[in-house]
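Start counting the sequence shown at 9; every next residue gets the next number (the working numbering).
A quick write-up on the structure given underneath.
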Amino acid sequence: EKFLKNAPTAGVLFFSWGSMVRSSSMPTEKVQTIVKVLEQQPFNVIWKWETDEVPTKSKKFLFVKWAPQLSLICHPKVKYFWGHGGLLGTTENIYCGKPLIVTPLYGDQSVNANAVQNRGVGTILLFDDINEKNLRATLMEIRRKSYADHAAALSHMFRHQDKKPLDRAVWWVEHLLQENGKTAHKLLQTKAVKLNWFVYYSLDSVAIILFGLAVILYIVRAFLCLLCEFFCKQGKQSGKVKTK
């Protein structure tokens, strides 16, 4: 709270790649590049960092092992969020209405990152593209007023719904209870829960793939055998001609 209170007018950038990705495990050269560029920015930085050994002692940085992400992003002094495009973090950022830098790393994060960029609330910076030039350009780009305007507009749309999510959840629970819980359960339950273990673990798909590979290997083997047999016969015939 003290770090946020003493933040400059330009505010704070919150940098977190979630619980599954350890920023402290990044290559040292990449970390040094990020630190160098962020050090030159007008805003301060709160960085989710998992170890006690931090990459810089600069007062512009606050390294934390954990942070209350939603309340931190929504804090008025936090102006930007640098995330990895996870669904939860992206949704929280939309709720808070902050310009977003996305570095997608796995899973659905690339889809989320493109959705963010297409709506003008953030921009994508791929991990392999992180260098001084690209990071500096990305930080300059995200400070354009249009990103803050689009983020604020999307946040307003997201917050102003006909019902709050909790109220909607309560309504559906009560609705199912009123409509005879057992009957509603049968009607609404997905058939996927009744899959046998063979299908559940996609072993049927694996079996088809393995069968296809086996057929291909068998055909290749048969072809090679025929080819060898052909050349062997050719060699024997040539030997007989020379003997005669």
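No residue lacks a Cβ here, since even glycine has one placed at the ideal position from N, Cα and C.
Helix, strand or coil for N204, going by three-state DSSP, please let me know. Your numbering for residue 204 matches position 196 in the sequence shown. Three-state result, N204: coil.
For G19, the three-state DSSP class (helix, strand or coil): If you number the sequence shown from 1, residue 19 lands on position 11. In the three-state reduction of the DSSP assignment, G19 falls in the coil class.
Within the region 56-136, ranges of the beta strand (DSSP E) (whole runs, at least 3 residues): Listed in chain order, the complete beta strand (DSSP E) runs (minimum 3 residues) inside the region 56-136 are 69-72, 86-91, 108-110 and 130-132.
Which residues share a DSSP beta bridge with N52? Position 44 of the sequence shown holds residue 52. Looking at the DSSP assignment, N52 forms a beta bridge with V20.
If you check the beta carbons only, do L113 and V29 fall under 8 Å apart? In the sequence shown, residue 113 corresponds to position 105, counting from 1. In the sequence shown, residue 29 corresponds to position 21, counting from 1. Their beta carbons are under 8 Å apart, which means L113 touches V29 by this criterion.
Give the straight-line distance between the Cα atoms of S24 and G97, rounded to the nearest whole angstrom. Sequence index remark: in the sequence shown, residue 24 carries index 16 (1-based). Sequence index remark: in the sequence shown, residue 97 carries index 89 (1-based). Answer to the nearest angstrom: the Cα atoms are 9 Å apart.
Taking all protein chains shown into account, decide if T146 is buried (16 or more other Cβ within 10 angstroms of its Cβ) or exposed. Position 138 of the sequence shown holds residue 146. Of the residues assessed, T146 falls on the buried side of the cut-off, its CB having 16 or more other CB atoms within 10 angstroms.
Taking the C-alpha atoms as reference points, what is the distance between K87 and I42? As a first step, residue 87 is located in the sequence shown; it is residue number 79 there, counting from the start. As a first step, residue 42 is located in the sequence shown; it is residue number 34 there, counting from the start. Answer to the nearest angstrom: the Cα atoms are 18 Å apart.
Which class does G220 belong to by DSSP, given the choice of helix, strand or coil? Stepping through the sequence shown from its first residue, residue 220 is reached at position 212. Here G220 sits in helix by DSSP.
Whole-angstrom distance between L185 and L174, CA atom to CA atom: Taking the first residue of the sequence shown as position 1, residue 174 is located at position 166. Taking the first residue of the sequence shown as position 1, residue 185 is located at position 177. Using only the alpha carbons, I get a separation of about 17 Å.
In this structure, does DSSP put E9 in helix, strand or coil? For the purposes of this step, residue 9 is taken as residue 1 along the sequence shown, with counting starting at 1. Three-state DSSP puts E9 in coil, outside helix and strand.
By the three-class DSSP mapping on this structure, what secondary structure does I138 have? Residue mapping note: residue 138 aligns to position 130 of the sequence shown, counting from 1. Of the three classes helix, strand and coil, the one that applies to I138 here is coil, per DSSP.
May I ask you to report which of helix, strand or coil DSSP gives E187? Taking the first residue of the sequence shown as 1, we reach residue 187 at position 179. In the structure shown, E187 sits in coil (DSSP, three-state: anything other than H, G, I, E or B).
Quick one: what's got a C-beta closer than 8 Å to A75's C-beta in the same chain, skipping five residues either side? As a working note, residue 75 is residue 67 in the sequence shown. Sequence-distant partners of A75 (beyond 5 residues in either direction) whose C-beta falls short of 8 Å from its own C-beta, in its chain, are F22, S24, I54 and K56.
Quick check on M165: does DSSP put it in helix, strand or coil? Numbered from 1 along the sequence shown, position 157 holds the residue referred to as residue 165. In the structure shown, M165 sits in a helix (DSSP, three-state: H, G or I).
What residue from I150, K141 and G115 has the CA that sits closest to I132's CA? Counting from one through the sequence shown, the residue named residue 132 turns up at place 124. It is I150.
S154 by DSSP, collapsed to three states: which one? One-based indexing of the sequence shown puts residue 154 at position 146. Residue state, collapsed to three classes: helix.
Three-state secondary structure (DSSP) of T198: Position 190 of the sequence shown, counted from the first residue, corresponds to residue 198. Coil, per DSSP.
Are three or more beta carbon pairs between the region 162-174 and the region 104-118 nearer than 8 Å? Under the three-pair Cβ rule at 8 Å, the region 162-174 counts as touching the region 104-118.
On the premise that I138 lies in contact with K68, defined as a C-beta separation below 8 Å, what is that separation, rounded to the nearest angstrom? To locate residue 68, count along the sequence shown from 1; it is residue 60. To locate residue 138, count along the sequence shown from 1; it is residue 130. About 19 Å; that fails the 8 Å criterion.
Are F71 and I81 closer than 8 Å when you measure CB to CB? Sequence index remark: in the sequence shown, residue 71 carries index 63 (1-based). Sequence index remark: in the sequence shown, residue 81 carries index 73 (1-based). Going by C-beta atoms, F71 is not nearer than 8 Å to I81.
Please classify S27: does DSSP put it in a helix, a strand, or coil? Within the sequence shown, residue 27 is the residue found at index 19, counting from 1. Look at S27 here: in three-state DSSP terms it is coil, with no helix or strand label.
Alpha carbon to alpha carbon, how far is D116 from L232? Give it in angstroms, no decimals. Here residue 232 corresponds to residue number 224 of the sequence shown, with the count starting at 1. Here residue 116 corresponds to residue number 108 of the sequence shown, with the count starting at 1. Their Cα atoms are separated by approximately 43 Å.
Along the chain, where does the alpha helix (DSSP H) containing K171 start, and where does it finish? Position 163 of the sequence shown, counting from 1, holds the residue named residue 171. Per DSSP, K171 belongs to no alpha helix (DSSP H) and is neither H nor E.
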